[in-house]
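Visitor:
Numbering (the working numbering), first residue to last: 87 to 486.
(1) How would you label residue 135, buried or exposed, when you count the other beta carbons within 10 angstroms and need 16 or more for buried?
(2) Using only alpha-carbon positions, find the residue among 308, 154, 265, 211 that is nearest to residue 179.
(3) So for residue 322, helix, strand or coil by DSSP?
(4) Is residue 90 helix, strand or coil by DSSP?
(5) How many whole angstroms separate the CB atoms of residue 146 and residue 283, which I take to be in contact at a CB cut-off of 8 Å?
(6) What three-state label does DSSP hand residue 418 in the structure shown?
(7) Would you call residue 409 buried or exposed, if buried means 16 or more other Cβ atoms sit within 10 Å of its Cβ?
(8) Going by DSSP, name the residue or residues bridged to residue 333.
(9) Keeping to the same chain, check which residues put their C-beta closer than 6 Å to that of residue 262; ignore five residues upstream and five downstream.
(10) Short of 7 Å in beta carbon distance, which residues of its chain neighbour residue 138, apart from the five on each side in sequence? Order them along the chain.
(11) How far does the alpha helix (DSSP H) with residue 443 in it extend, from its first residue to its last?
(12) Taking the alpha-carbon positions, what's the residue 352 to residue 469 distance?
(13) Am I right that residue 192 and residue 355 are in contact with their C-beta atoms under 8 Å? What's the rounded C-beta distance?
(14) Quick one: what's got a C-beta closer than 6 Å to residue 95's C-beta in the same chain, skipping five residues either side?
(15) In angstroms, rounded to a whole number, what distance separates the CA positions of residue 427 and residue 324?
(16) Short check: CB of residue 159 to CB of residue 311, under 9 Å?
(17) Does the Cβ of residue 326 have 16 or more other Cβ atoms within 10 Å, making it buried, or fewer, making it exposed?
(18) If I measure Cβ to Cβ from residue 335 and keep anything under 7 Å in the same chain, skipping five residues before and after, which residues do I get?
(19) Beta-carbon within less than 8 Å of residue 464's beta-carbon, same chain only, minus the 5 sequence neighbours each way: which residues are those?
(20) Using the Cα positions of residue 457 and residue 368, report the straight-line distance between them to the nearest angstrom.
(21) So, under 8 Å CB-CB, residue 148 and residue 371 are touching, yes? Tell me the CB distance rounded to an integer number of Å.
(22) What would DSSP say about residue 206, mapped onto helix, strand or coil?
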């Protein structure tokens with residue numbers, strides 16, 4: 087642990103604890119580097135820090151965790167800028183993002199992304215890469231052992247503090263996961279509000295031009311591909327519910343990508359996701375279940391409102407709709423639909439790879455996720471009314 091982080095963690099919990107200059111200094115101290123490249127991220131960073139210091143109700147553990155999240159992201163940025171100076175060929179990598187999975191959270195998007203990424207010729211951001219997208223000092227290309235160990239230690243710490251996460255979201259260092267974990271380190275994704283209770287930041291982000299984050303994400307994908315040359319020629323599958331309220335950002339950043347929207351009944355989505363948020367907030371703050379429900383139910387409604395407007399502007403031809411119930415019952419058939427749309431031949435070899443993945447990733451291999459609307463002070467009829475149009479279009483008329 088660096089001296090700069092130690093100074094941050096010694097701040098009393100009842101006073102502002104996160105400070106931009108101290109965080110930047112900690113990243114410089116950790117890496118021995120000073121060039122962050124384009125510092126456009128400072129504005130959203132300042133907005134987040136202001137909200138976290140006044141709203142997030144961070145515990146001492148939460149202060150330490152948020153400090154580490156910020157510093158490791160800044161450190162990765164410093165290391166990437168340095169690597170690009172030394173290896174300008176990184177920017178010459180050709181990355182093909184073939185599909186982006188979006189939709190409300192808890193719609194089977196995680197298993198569906200991992201299923202598609204298991205197919206020959208496909209790839210995705212791995213969880214350990216999302217935590218530290220730059221190699222650690224001394225790391226040999228293709229041998230990210232220390233980053234994997236860092237990621238596993240994170241997972242172990244999370245599960246010790248909130249064991250229920252094991253039943254909510256499968257956490258594995260090498261498993262494909264969401265790009266919001268990277269975008270959040272630039273303070274431009276819903277990962278921020280997913281890990282910290284910062285409603286004023288959420289409101290601000292809704293009206294902020296986040297396109298610089300996606301431009302940096304494109305560079306980071308090139309960087310990840312350069313680190314693992316075997317990925318060259320593979321098609322990337324991105325995924326994040328964060329894309330739902332900001333769908334046009336992803337659609338514009340990757341104009342050739344198929345937009346895959348996963349669907350499930352919000353009556354099930356809302357309590358499942360609020361339960362996940364309660365577990366995540368438990369890692370760093372002191373919110374009650376009712377407070378979590380009071381924030382996230384209207385927030386999810388707003389995500390859908392924004393998305394419905396964006397989908398009309400983007401155009402239906404960019405989308406394919408995938409029903410959660412069919413992913414559960416017919417995973418290979420649903421994967422075929424997407425693979426065929428992005429021009430990937432489906433044959434016996436492909437099906438063998440998909441079947442092998444599903445055999446090792448059945449839902450019953452994890453603890454059951456128990457949740458209810460009542461626990462969070464929510465009412466089923468309110469959920470039905472709030473998502474009435476969505477349910478009629480994508481849930482009630484879909485095959486069951």
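We put the beta carbon where it would ideally sit given N, CA and C, even for glycine.
Guide: Taking the definition as stated:
(1) In the chain shown, the residue the question calls residue 135 occupies position 49. That one is buried.
(2) Indexing the chain shown from 1 puts residue 179 at position 93. Minimum Cα distance to residue 179 is reached at 308.
(3) If you number the chain shown from 1, residue 322 lands on position 236. Residue 322: strand per DSSP, three-state reduction.
(4) Residue 90 sits at position 4 when you count from the first residue of the chain shown. For residue 90, the predicted structure reports a pLDDT of 37, less than 50, and the residue's modelled location is therefore unreliable. The matter cannot be settled from this model.
(5) For the purposes of this step, residue 146 is identified with residue 60 of the chain shown, where counting begins at 1. For the purposes of this step, residue 283 is identified with residue 197 of the chain shown, where counting begins at 1. Contact check for residue 146 and residue 283: beta-carbon distance about 16 Å, past the 8 Å limit, so the pair fails to qualify.
(6) Taking the first residue of the chain shown as position 1, residue 418 is located at position 332. Residue 418 falls in the helix class under three-state DSSP.
(7) On the chain shown, position 323 is the one that residue 409 refers to. The C-beta of residue 409 has 16 or more other C-beta atoms within 10 Å across all chains shown, which makes the residue buried.
(8) Looking up residue 333 in the chain shown gives position 247. Residue 333 is not bridged to any residue.
(9) Taking the chain shown and counting its residues from 1, the one referred to as residue 262 is at position 176. Apart from the 5 residues on each side of it in sequence, residue 262 sits with its Cβ closer than 6 Å to the Cβ of 199, 200, 203, 210 in its chain, given in chain order.
(10) On the chain shown, residue 138 is found 52 positions in, with the first residue counted as 1. The residues 104, 144, 152, 282, 284, in chain order, have a CB closer than 7 Å to that of residue 138 in the same chain once the five nearest residues on each side in sequence are set aside.
(11) Here residue 443 corresponds to residue number 357 of the chain shown, with the count starting at 1. If you look at residue 443, you'll find it in the alpha helix (DSSP H) that goes 434-445.
(12) The count along the chain shown starts at 1 and reaches residue 352 at position 266. The count along the chain shown starts at 1 and reaches residue 469 at position 383. If you draw a straight line from the Cα of residue 352 to the Cα of residue 469, it comes to about 7 Å.
(13) Here the question's residue 192 lines up with position 106 in the chain shown. Here the question's residue 355 lines up with position 269 in the chain shown. Contact holds; Cβ gap of about 5 Å.
(14) Sequence index remark: in the chain shown, residue 95 carries index 9 (1-based). Residue placement at residue 95 is flagged as unreliable, the pLDDT there being 39, under the threshold of 50; the coordinate-derived value follows with that caveat. 150, listed in sequence order.
(15) Here residue 427 refers to the residue found at position 341 when the chain shown is read from its first residue. Here residue 324 refers to the residue found at position 238 when the chain shown is read from its first residue. So the two alpha carbons sit approximately 16 Å from each other.
(16) The sequence position of residue 159 within the chain shown is 73, counting from 1. The sequence position of residue 311 within the chain shown is 225, counting from 1. No. Outside cutoff.
(17) Here the question's residue 326 lines up with position 240 in the chain shown. Burial call: buried.
(18) Within the chain shown, numbered from 1, the residue matching residue 335 stands at position 249. Sequence-distant partners of residue 335 (beyond 5 residues in either direction) whose C-beta falls short of 7 Å from its own C-beta, in its chain, are 296, 297, 300.
(19) As a position in the chain shown, residue 464 is number 378, starting the count at 1. Only residues of its own chain outside the window of five on either side were considered, and among them 356, 357, 360, 379, 383 have a CB closer than 8 Å to the CB of residue 464, listed in chain order.
(20) By one-based count along the chain shown, residue 457 stands at place 371. By one-based count along the chain shown, residue 368 stands at place 282. Each residue's CA atom was taken as its position, placing residue 457 and residue 368 some 16 Å apart.
(21) Taking the chain shown and counting its residues from 1, one reaches residue 148 at position 62. Taking the chain shown and counting its residues from 1, one reaches residue 371 at position 285. Correct: roughly 5 Å between the Cβ atoms.
(22) Counting from 1 along the chain shown, the entry for residue 206 is found at position 120. Residue 206 sits in coil when the DSSP states are folded into three classes, being neither helix nor strand.
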